[in-house]
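The block underneath contains the structure these notes are about, expressed in structure tokens.
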């Protein structure tokens, strides 16, 4: 009896710690699968390098993005100005670094707002179903009937240009994508046994959604949010390029491109370097999002 009791007591701590160990092993397995993805690791490296340079802009460059040097206009890349100067003599490299701050800030804030609203509406529609789901989905159909960039242009044209209005326009245009993703995920999760067990114990609907369903639906939403960052940057640059986004003299990649389009034939740095920044940022976030998706659910790879 003593030996049996002793062996039983020894196994109890292992059973009590089985859930944390399982969670740690799951995160470790996701990280291991992600590191095996060459494309995902390349995207992560590109994102880390770009974000680090943008955040460390005051350390990397000694110029002010608004400083004008008329005597040094249209200077080609050199040791003093590694990407040249624009038509006002401003350092292009400095303006791209600070412009990246604006682009990333607007993109991240828009992703948070659109996902917050989309997750809330998608959760309500997917969990309750019936006429609630029907009403929400008809509203979603109306939004999805309009391409996201066209919707953002319409909102910006109605509200006016500026950073805050650009955030609102990009956020509204991203709601349908987040809402559809959340709804489809919740429809598959709410039929699981642990949801039925929560209902049987008398848990309220709000608690079931927040405590049980959303945590198990977070992975696909996280992946879609990562991919949406790159899409938002393209939309922000497009709005600024046509004059409906961030306005000069505030630097933003799209507005820098717009200022340089009239010098396309005569001075290539004003077009090439902003375009390269947009391309690398969208490319990096898309590769990172694809790698994260494959690491979280390898079945989606096929």
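Residue numbers (our numbering): 4 to 305.
Glycine included, every Cβ here is placed at the ideal spot set by N, Cα and C.
In this text the structure is predicted, and so the values were computed from the model without any measurement.
- Task: Ignore the nearest five residues each way along the sequence and tell me which others in residue 41's own chain have a CB closer than 8 Å to its CB.
- Result: Residue 41 sits at position 38 when you count from the first residue of the chain shown. Excluding residues up to 5 positions away in sequence, nothing lies with its Cβ nearer than 8 Å to the Cβ of residue 41 in the same chain.
- Message: Give the list of continuous alpha helix (DSSP H) stretches no shorter than 4 residues that lie fully inside the stretch 208 to 252.
- Response: DSSP runs (the alpha helix (DSSP H)) wholly in the stretch 208 to 252: 217 to 244.
- Quick one: residues in its chain with C-beta nearer than 6 Å to the C-beta of residue 154, no 5 flanking neighbours on either side, listed in chain order? Reading the chain shown from its first residue, position 151 is the one you call residue 154. Within the same chain, residue 154 has close Cβ partners 176.
- Message: If the criterion is Cβ atoms closer than 8 Å, does the pair residue 78 and residue 64 meet it?
- Response: For this step, residue 78 is matched to residue 75 along the chain shown. For this step, residue 64 is matched to residue 61 along the chain shown. No, they are not a contact pair.
- Task: Identify every run of the alpha helix (DSSP H) within the stretch 99 to 148, keeping only runs that are complete inside it and at least 4 residues long; order them along the chain.
- Result: Segments of the alpha helix (DSSP H) lying fully in the stretch 99 to 148: 133 to 147.
- Item | Buried or exposed by the 16-neighbour rule on C-beta atoms within 10 Å, applied to residue 134 | Taking the first residue of the chain shown as 1, we reach residue 134 at position 131. Burial call: exposed.
- Specify whether the stretch 257 to 277 and the stretch 196 to 211 touch according to this definition: at least 3 beta carbon pairs, one from each stretch, less than 8 Å apart. By the C-beta criterion, the stretch 257 to 277 is judged not to be in contact with the stretch 196 to 211, since fewer than 3 inter-stretch pairs fall below 8 Å.
- Item | Opposing strand residues paired with residue 88 [DSSP bridges] | Against the chain shown, residue 88 aligns to sequence position 85. DSSP output for residue 88 lists 94 as bridge partner(s).
- Helix, strand or coil for residue 282, going by three-state DSSP, please let me know. Sequence index remark: in the chain shown, residue 282 carries index 279 (1-based). Note: residue 282 maps to helix in three-state DSSP.
- Taking all protein chains shown into account, do 16 or more other C-beta atoms lie within 10 angstroms of the C-beta of residue 128, making it buried, or fewer, making it exposed? Here residue 128 refers to the residue found at position 125 of the chain shown. So residue 128 counts as buried.
- Item | Simplified DSSP assignment, three categories, for residue 255 | Indexing the chain shown from 1 puts residue 255 at position 252. Here residue 255 sits in coil by DSSP.
- Of all the options 76, 185, 47, which has the alpha carbon lying nearest to the alpha carbon of residue 130? Residue mapping note: residue 130 aligns to position 127 of the chain shown, counting from 1. Comparing alpha-carbon positions, the option among 76, 185, 47 lying closest to residue 130 turns out to be 185.
- Query: DSSP on residue 59, reduced to helix/strand/coil?
  - Reply: By 1-based counting over the chain shown, the position of residue 59 is 56. In the structure shown, residue 59 sits in coil (DSSP, three-state: anything other than H, G, I, E or B).
- Look at the alpha carbon of residue 60 and the alpha carbon of residue 255, and state the distance between them as a whole number of angstroms. In the chain shown, the residue the question calls residue 60 occupies position 57. In the chain shown, the residue the question calls residue 255 occupies position 252. Taking C-alpha positions only, residue 60 is separated from residue 255 by approximately 14 Å.
- Taking buried to mean at least 16 other C-beta atoms within 10 Å of its own C-beta, is residue 126 buried or exposed? Locating residue 126 in the chain shown gives position 123, counting from the first residue. Classification of residue 126: buried, given that the 10 Å Cβ count is 16 or more.
- To the nearest angstrom, report how far apart residue 102 and residue 30 are at their CA atoms. Counted from its first residue, the chain shown places residue 102 at position 99. Counted from its first residue, the chain shown places residue 30 at position 27. Cα to Cα, the separation comes out at about 35 Å.
- Item | Length of the line joining the Cα atoms of residue 124 and residue 139 | What you label residue 124 is simply residue 121 of the chain shown in a count that begins at 1. What you label residue 139 is simply residue 136 of the chain shown in a count that begins at 1. Rounded to the nearest angstrom, the two C-alpha atoms are 7 Å apart.
- Query: Hey, is the stretch 256 to 263 in contact with the stretch 90 to 106, meaning 3+ C-beta pairs nearer than 8 Å?
  - Reply: Inter-segment contact for the stretch 256 to 263 and the stretch 90 to 106 is present: three or more beta-carbon pairs are separated by less than 8 Å.
- Query: Just checking my contact of residue 181 with residue 122 at CB under 8 Å: how many whole Å lie between their CB atoms?
  - Reply: To locate residue 181, count along the chain shown from 1; it is residue 178. To locate residue 122, count along the chain shown from 1; it is residue 119. Going by Cβ atoms, the distance from residue 181 to residue 122 rounds to 6 Å, so yes, they are a contact pair.
- Message: Would you call the stretch 72 to 86 in contact with the stretch 195 to 204, where contact means no fewer than 3 C-beta pairs closer than 8 Å?
- Response: Counting Cβ pairs under 8 Å, fewer than three are found: no touch.
- Query: Taking just the CA atoms, how far does residue 220 sit from residue 11?
  - Reply: For the purposes of this step, residue 11 is identified with residue 8 of the chain shown, where counting begins at 1. For the purposes of this step, residue 220 is identified with residue 217 of the chain shown, where counting begins at 1. Any reading at residue 11 needs caution, since the residue's pLDDT is 43, under 50, leaving its predicted position unreliable; the model's value is listed next. So the two alpha carbons sit approximately 37 Å from each other.
- Give every residue of the same chain whose Cβ lies closer than 8 Å to the Cβ of residue 235, excluding the five residues on either side of it in the sequence, and list them in chain order. Start at 1 with the first residue of the chain shown, and residue 235 comes out as number 232. 109, 110, 113, 114, 173, 177.
- Item | Reference residue 145; option with closest CA among 183, 267, 286, 229 | The residue labelled residue 145 in the question sits at position 142 within the chain shown. 183 is the residue among 183, 267, 286, 229 whose C-alpha sits nearest the C-alpha of residue 145.
- Item | residue 269, DSSP secondary structure in three states | Against the chain shown, residue 269 aligns to sequence position 266. DSSP places residue 269 in coil when its eight states are reduced to three.
- Task: Assign residue 52 to buried or exposed, taking buried as 16 or more other Cβ atoms, counted over all protein chains shown, within 10 Å of its Cβ.
- Result: Reading the chain shown from its first residue, position 49 is the one you call residue 52. When all chains shown are included, residue 52 counts as exposed.
- residue 97 classed as buried or exposed, judged by whether at least 16 other C-beta atoms fall within 10 angstroms: For the purposes of this step, residue 97 is identified with residue 94 of the chain shown, where counting begins at 1. Flag for residue 97 reads buried.
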